[in-house]
Each structure stands twice: as C-alpha cells, then as structure tokens.
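Trainee: This structure is in structure tokens; I'll ask about it shortly.
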Amino acid sequence: MRTLAVLKTALTGNYAVAHAVKLAKPHVIAAYPITPQTTIVEKLSEFVAKGELKASFVNVESEFSALAVVYGAAMAGARAFTATSSHGLFYMYEMLWWAAGSRAPIVMAVATRTLGPPWNIHDEHNDILAIRDSGWAVAMASNVQEVLDLTIQAFKLAESAYIPVAVGLDGFVLSHTVETIELPPQEAVDEFLPPRRPDLPLRLRPGEPITMGNIPSDDRLHAEHLKNIYRASQEAKKLVKSIDAEYGKLVGREYGGMVEGFELEGARYAVVCMGAWCGDAKEAVRSLRREGVPVGLMRIRFVRPFPDEEVAELSGIDKVVVFDRDITPAGGILGREVASVLGRDKVVNVLAGLAGVDFKADEFRKAVKHAVEGEYADRVVLL
Amino acid sequence: MTVRIDLLPKTKYVVPGNSACAGCGMMIGLKVLGMALGEEAVLSIPASCASVVQGLGPKSGVALPILNVPFASAASVATGISEAFRQLGVKGQAVVWAGDGGTADIGFAAVSAAAERNSDVLYIMYDNEAYMNTGIQRSSETPKGAWTTTTPTGKREAKKDVALILLAHGVPYVATANIAYPQDFYRKIKRASEIRGFKFIHLLSPCPPGWLFDPSLTVEVARKAVETGVFILWEYDNGELKLNPPSSALVDKSKRKPLVEYLKLQGRYAHLSEDQIKQMEEEIDRKWRFLLRFAQAARPGA
Amino acid sequence: MVPISRPAPGSGGITGTWRTLRPVVDLKKCIDCGICWLYCPESVIDWEKGQKIKIDYTYCKGCGICAHECPTKAIEMVPEAGL
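Respectively, the protein sequence lines represent chains A, B and C. For the first sequence, our numbering assigns the number 96 to the initial residue and increments by one for each residue that follows. For the second sequence, our numbering assigns the number 373 to the initial residue and increments by one for each residue that follows. For the third sequence, our numbering assigns the number 3 to the initial residue and increments by one for each residue that follows.
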C-alpha cells in the first residue's frame, strides 16, 4: 500500500485522538466508556479488532482499573494509553498521583465535561484542571488538528520527561465536532516517536529482583524524590517547546510551545484562556482590534507545568482578562494562577461557559470591553 | 507427586531480617512462591502486610521483582504487566500477592474483572482473616465469631468464600492452600503457572498478633484449620473440582478433629459460648456438603 | 528516577534483637529432615541434606516455629537473657 505524503481527512476530536494513538503505536490500551469520551475507545477497539493497530485492548470494569492496567503496562516497559472524562477522571484520582509519582510515561486523553450533581454531559474545564497538582502534565487543544498533533506530541513528552501527560479536548465542542485535518504519515510519526526504553523509569523483569515503592528508611529519601519530580516538571517546559518545534518541522505546523500568542504586538490589554473557546475569543479580539482596542490573546496550551515565564511577559500589559470555564470557591483556577504571576490588580477573572452554557464571540467581546473599561466591580466576574 | 523437601530450591527469596512479625504465616507462603516461581514471577503487591514486610528502602526483604501498588489496583496492574509482557515478548508470570482486604473487599471489583476477562494473572490471596496491616480490623474474610478491633464482641457475619465466587466466574484454575502444607502449595503454584489465564489460590496464613496465639504455633494453627475441617484443601482445574489430602480423607466427619482443638489455640475465639461453637460446627458441615455437591456437579459428564 | 530497593538482609534492622527466646539445636537429635528449614519464616535456617542445620542468629526473631515443628524435639527455645 503506497503511503501518501499527507492525508487530508475530516474527523471528530475523538476520532482524531484515536488516529493519533494509532499512529503512536501503543502496546496496551485500557479505557472505560464515559460520555463524551466513548467514541475514542470504540474507534481504538475497532482498530485493534481489525488488526490495524497491534495492541492489547483491555476491557476494564472502571476508570480506576483502566489507569491501573495502563500503569502496570507502562511500568513493565510498554507504551500505554487511556482516555476518560469528569467523573471517570475523578474515579482514578488515587491512581493518577501514584502514576505520576512512579514517573510512568502514560498518555491520557480527557474529553472535558461538567461534574454533577446534577448529571450533565456538557463541556466545562473543572475536571481536567482538578488534576493539576497530581504531577501530570496537563494541556488542552483548541481545534481538532491540534488535538491530533498534541496527542502525538504527548507521547514524546511523556517518554522524554517521564511525566504522564493529560491531553484535554472540550467535550462535544471538539470531541464530537468534525473538522478537516491533516494526518501525518506513519513514517513521520515513527521517526518522531522511536520505541520506548524498557529500562526507564525502572526495569521490571522476571529474575531481576527489585522493589519499587516500599517504605523508605528515611523520609528524606522520599522528600528528595518529590523534589526531583518538581525539578523534572520545570525541565519539561523546555521539552514542551523543543518537541513542538521538532514536530512542527516534520509536519509544517507548530503551536508556540507552552502558550500561543495572538495579536499581542503592541497590546495594552490581553485575554487569557484555554481550550476550544479560544477560537471564539480570538474572533472577539480581532473585532476589538478593528475598533482600535489594543487587545491581544494568550492561549494556554500547557497549564502544567505552568507557563510562568510566558505569562510574566504580559507584565507590561495594563489589564489581563482571564476567562475560566471552571469555578471553585476561590474563583477561577486560571485567573488565580495568572494573578499569582502578574498581581491581582492586573487581572479581571471572568467565569463563563459553566456547565456547558454556550459563550460566543460577541459575549467575549462584551466581557473584554467591560473589563478593560473598568466596568466590573469585582475581580471575579460570574457571567 | 509431592516434591521432596530436599529438592526444593535453597535460594532465599524471603531475605533474613525483614520487617515481618516473628512467626508470620505469610512469609512461609512467600518462601514457597519463591521456590516455585522465583525466576518467572513479577509481583504486584497492594497495600497490605506484604507491602510492609519488604522492609525499608533502599533494602528489600523479598528477593523477587515487585511493584508496590495502590490498595484496590493489584489485579488490574498485574493485568497491565501481563499484557505488556505479551506485547513485548517477555516470558514470565504476572503474579498478585495480596491480602484478604485488598482482594475480597476494596479490590474485589478489579479481581472479578480480571477473572471475567480471564487475564493471564496468577492471583494469590494470602488470608490472615482481617486487615492486619492496619492493626486487626475485620474484613469480609474474618470468620463469624472472631474478635477483631472492629468486631470486639465477635464478627456477626459469615466468611465470604472468595474462591468459590471466582470459580463461578469460569476461570481455568482455583485452589485453596495452607501454609502448613507447603509442598501442596508449591505444586499448586507450579500447576497454575502452566495455565494461560486467570488462576486464583486462596492461601490460609495465620497471624500471631491478629489471631492471638504464640508465634511458635503458626504452623500448628494452620494445620488444625485443615484437620478440624474449618479450612478445606481443594483444587478446581479445567472444570473438575477435587479435594486434596488431607482434606480428601476428612469427608468422613468422624475423621475430623474436634473444632475446639482449633479454636482453643486462638485468643480471638476465647469469648465463644458453647452455643456459638455448636453453630460453627453446623456451618462447617454445611460448607462441606455444599462443596461436595459442587464437586459432584462440576465433574465432566456429571 | 524512582526509589528502587534491592534485596538485602536486615531490611527491617538487626531483627535478632527482637527475640526473647533463641532456638538452640541439639545436632545429635537432628534427623536431617529439613522441616525446620522449610517452615522458618525468616530464612535464617540453612540446611543441606547430609549436613544438618545452622541458624543465623543475627536475624532470627525467636518465633519458635522450628522448635515446635521439629519431629524429634531437637530444637529448644532458651531464654535470651544471660547469653
């Protein structure tokens, strides 16, 4: 079969994940269905059944077990993948921390979704943001092409930094939306993603007696391990950039590394956001620019590690409007983190699109205008 | 075909000076696992006594490749290891070495799923009949009437028969074993590891501090469990269930030692009334009748 | 990259200090059966058929299983104090 240089096709976000995973050639996949992730799992199951992907597809009884299976496989030297969403992600919470603490190079797709009660399958970012302390790298794509590219990049990042990587895509908004995209050829991905080393983070083989995880004789050994993970996550920032650049050379598309800057030249105001709705935010920015409002946009790709240096570059900006598609008792998560870099006086934190409520370009426009004109009384604005 | 004691490997898979209690029944079982499968096994060990007996890092008290894993995850992690080995062409047996808590309670869903999938895992539940690692709290494997810190007047509920439950999943091999019969356990491990699929062994492992007996009596307590009929040695292999010696000779009730010979050794039963002991004897009879009927029904051509 | 432990004696310390009774072997009574070796939960009994047994007192926890199971009562548990 002749391989085309590049295949242009139309895929949903979920199918883009499945195709990206197929190109990455994992050995073990285990996932439990949950809306809106299910079609990732179904498509991968189909690829395996048809022999298009040579991997073990393990049917599990819960998300906790899904990550546990993938963890065992990764620690035994296999390339492993899982996918989930909201409640399923929380069901594997304990395992998430254990995986990161074990330096397991796992890739996981998260189709973001609100948390109940009440039950709701629409889009929100609380789920993926809730794992940001676990040690996992956390990133979100903003269109289906990036979903595909980011998933492939995630395998390389995981296997270079020995940090598991969560790739977020907005539930339904991206997971179930068809966009035309380019599929990189298998040869390009093979070159980009060589086979995994079987001896890192450890070599688990019959006849080689080692133990991972027994109680340390000195708590300082454990503390050092935790600090090493922190250091690795800081080092990973460089890897995010270099991997994006390397991939960009291969397929002709790169995204800017940790963040994507848009119309920030000469900007006095900046919008900060993450995920698919950044497309709507960019439209708003364009329209405001046409009116002469000097506003730009910084799209967060990686929220962990956190792009401190990139966000700090906005320190010359007068007002930063951070949009959070999440809500906590401390306001918006991104808002608080950006404020920790730029100072709370600079930041207006707008919480919108909660529980999947649609928030369109003209609403972004209105909110940004209000914010930069100082018309909001509070630092945290609930829309 | 009992293996001769002097032909068993001398390699110390249990390393001297580990953190186990003096007289720990489980360590005898671990020794046997090492003898049978020491060079082929890769262990997943969930939170349990087994996690702690490995001693303090960077030393390990167990000379086997071990991944310590979260409490409820062992059956799933072992499945992942097994599948990875299959895809990578690594020869070996993924083994779970888990306590009754991690198997029958918090890890039960994962165990059931691994069995239902017939994942290639050898799952050994070492049963000390309570959450011993956290200080003797009851589990679903604690026998009726036994004292634990969370059942101070004696557990009211019956012991859950995990081995029979897993047999009902249709897996190729299920067996019970007992640390007083190491050669029987050795043979069962060897047999199980010949089979590709889910294998389960329920290993009775008495616990001196938890069952309240002198540590010198661990093996005797385990032996009395079989001799009084409390614990039945049986083996289910490819559709056929049979009793193993000496349990096979105890089908005749009169050959069993009186129950009190088992109970009187253990402080956890010290409070039992005559009535309660009588009830326990009746339940033992019932358990035997059920198992024997099952054995008959499970015979091919029955 | 991750804390790895390797098999080594004394992972729980010098566990010989735990015991209050120590097993003393009368080799004349020993019939070289290996039962004590088989049951010792600490692997501190060394046995080669034909050479009888030797106990490693650095790590022996004094549980007494060997003495209890020995078919010829060749092992006696003796108080540790005073030795």
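Glycine residues also receive a C-beta, built at the ideal position from the N, C-alpha and C atoms.
So, are the CB atoms of A447/B and V414/B less than 8 Å apart?
Mentor: Contact flag unset, no.
Trainee: Output, in chain order, the set of chain C residues within a Cβ distance shorter than 7 Å of S197/A.
Mentor: The answer, in chain order, is V4.
Trainee: So, with DSSP's three-state summary, where would you put R8/C?
Mentor: Note: R8/C maps to strand in three-state DSSP.
Trainee: With distances taken between CB atoms, is the gap from E455/B to S151/A smaller than 8 Å?
Mentor: In this structure, S151/A lies closer than 8 Å to E455/B by Cβ.
Trainee: If contacts are defined as beta-carbon pairs under 8 Å, then M353/A and V380/A qualify, I think. What distance do you get, rounded to the angstrom?
Mentor: In fact, because the Cβ distance is near 20 Å, the residues do not count as touching under 8 Å.
Trainee: Taking 8 Å as the cut-off, does the stretch 264-281 of chain A touch the stretch 369-384 of chain A (at least 3 CB pairs, one atom from each stretch)?
Mentor: With a cut-off of 8 Å, the stretch 264-281 of chain A and the stretch 369-384 of chain A count as touching, because enough Cβ pairs lie within range.
Trainee: For L379/B, go through chain A and note every residue whose CB falls closer than 7 Å to its CB, in chain order.
Mentor: Near L379/B there are no residues of chain A at all, since even the closest Cβ is about 20 Å away, more than 7 Å.
Trainee: Do three or more CB pairs link the stretch 586-600 of chain B to the stretch 544-564 of chain B at distances below 8 Å?
Mentor: Verdict: yes, contact present.
Trainee: Give the DSSP-derived three-state secondary structure of C65/C in the structure shown.
Mentor: DSSP places C65/C in coil when its eight states are reduced to three.
Trainee: By Cβ distance below 8 Å, which residues in the same chain neighbour L345/A in space, the five residues on each side in sequence not counted?
Mentor: Counting only Cβ-Cβ distances below 8 Å, and skipping sequence neighbours, we find P279, A283, E286, F287.
Trainee: With DSSP run on the structure shown, which of helix, strand or coil describes N109/A?
Mentor: Helix at N109/A.
Trainee: Along the chain, where does the alpha helix (DSSP H) containing H187/A start, and where does it finish?
Mentor: Note on residue identity: the sequence assigns Met, not His, to residue 187/A. Careful: M187/A lies outside any alpha helix (DSSP H) and carries neither H nor E.
Trainee: Going by DSSP, what residues sit across from V606/B in a beta bridge?
Mentor: In the sequence under discussion, the amino acid at residue 606/B is Trp, which differs from the Val named in the question. BP columns for W606/B point to L615/B.
Trainee: What are the boundary residues of the beta strand (DSSP E) that includes R24/C?
Mentor: Run containing R24/C: 23-27, per the beta strand (DSSP E) assignment.
Trainee: Mind checking if H320/A is an interface residue toward chain B, Cβ cutoff 8 Å exclusive?
Mentor: No, its Cβ sits nowhere closer than 8 Å to a Cβ of chain B.
Trainee: Under the three-state reduction of DSSP, which class applies to V386/B: helix, strand or coil?
Mentor: Residue state, collapsed to three classes: strand.
Trainee: Under 8 Å, Cβ to Cβ, is there at least one residue of chain A near L439/B?
Mentor: Yes, because at least one Cβ of chain A sits closer than 8 Å to the Cβ of L439/B.
Trainee: Using the C-alpha atoms, what's the distance from L575/B back to L402/B?
Mentor: The straight-line gap from Cα to Cα measures roughly 11 Å.
Trainee: Which bits of chain C does R305/A rub up against, with CB to CB less than 9 Å?
Mentor: In the sequence as displayed, the identity of residue 305/A is Ile instead of Arg. The contacting residues are I6, S7, R8, P9.
Trainee: Shortest alpha-carbon distance to R161/A belongs to which of E360/A, G183/A, Y364/A?
Mentor: The amino acid at residue 161/A is misidentified as Arg; the sequence shows Ala. Closest option to A161/A, Cα to Cα, is G183/A.
Trainee: When you compare only the Cα positions, how much space is there between R291/A and C72/C?
Mentor: R291/A and C72/C: Cα-Cα distance of roughly 53 Å.
Trainee: Evaluate A392/B with the Cβ neighbour count: other Cβ atoms within 10 Å of its Cβ, from every protein chain shown; 16 or more gives buried, anything less gives exposed.
Mentor: Label assigned to A392/B: buried.
Trainee: What are the uninterrupted segments assigned as beta strand (DSSP E) that are 3 or more residues long and contained completely in the stretch 238-278 of chain A, given in chain order?
Mentor: With a minimum length of 3 residues, the continuous beta strand (DSSP E) runs that stay inside the stretch 238-278 of chain A are 260-265, 273-278.
Trainee: Rounded to whole angstroms, what's the CA-CA distance from Y634/B to K596/B? Just pull it up for me.
Mentor: Each residue's alpha carbon lies about 5 Å from the other.
Trainee: Taking C-beta pairs closer than 8 Å, name the residues in chain B that R300/A reaches, listed in chain order.
Mentor: Residues of chain B passing the Cβ test: V414, P437, V462, G464.
Trainee: On the three-state DSSP scale, how would you describe D440/A?
Mentor: Looking at D440/A - three-state DSSP - the assignment turns out to be helix.
Trainee: Where G302/A and V467/B are concerned, what is the direct C-alpha to C-alpha distance, given to the nearest angstrom?
Mentor: G302/A and V467/B: Cα-Cα distance of roughly 13 Å.
Trainee: Residues in its own chain within less than 8 Å of K531/B by CB, not counting five upstream and five downstream?
Mentor: E501, S512, E513, T514, P515, K516.
Trainee: Between S423/B and chain A, is there a C-beta pair that is closer than 8 Å?
Mentor: Yes, because at least one Cβ of chain A sits closer than 8 Å to the Cβ of S423/B.
Trainee: Which of the three DSSP states is assigned to C35/C in this structure?
Mentor: Three-state result, C35/C: coil.
Trainee: Using a Cβ-Cβ cut-off of 8 Å, state whether P617/B counts as contacting chain A.
Mentor: Not an interface residue.
Trainee: What number of angstroms, rounded off, separates the C-alpha of G230/A from the C-alpha of I258/A?
Mentor: One C-alpha to the other measures close to 7 Å.
Trainee: In the structure shown, what three-state DSSP assignment does R385/A receive?
Mentor: The answer is helix: DSSP assigns R385/A an H, G or I state.
Trainee: On a Cα-Cα basis, can you pick out the residue from C368/A, E408/A, L148/A that is closest to V398/A?
Mentor: Here the closest residue by C-alpha is C368/A.
Trainee: List the DSSP bridge partners of V136/A.
Mentor: BP columns for V136/A are empty, so no partner.
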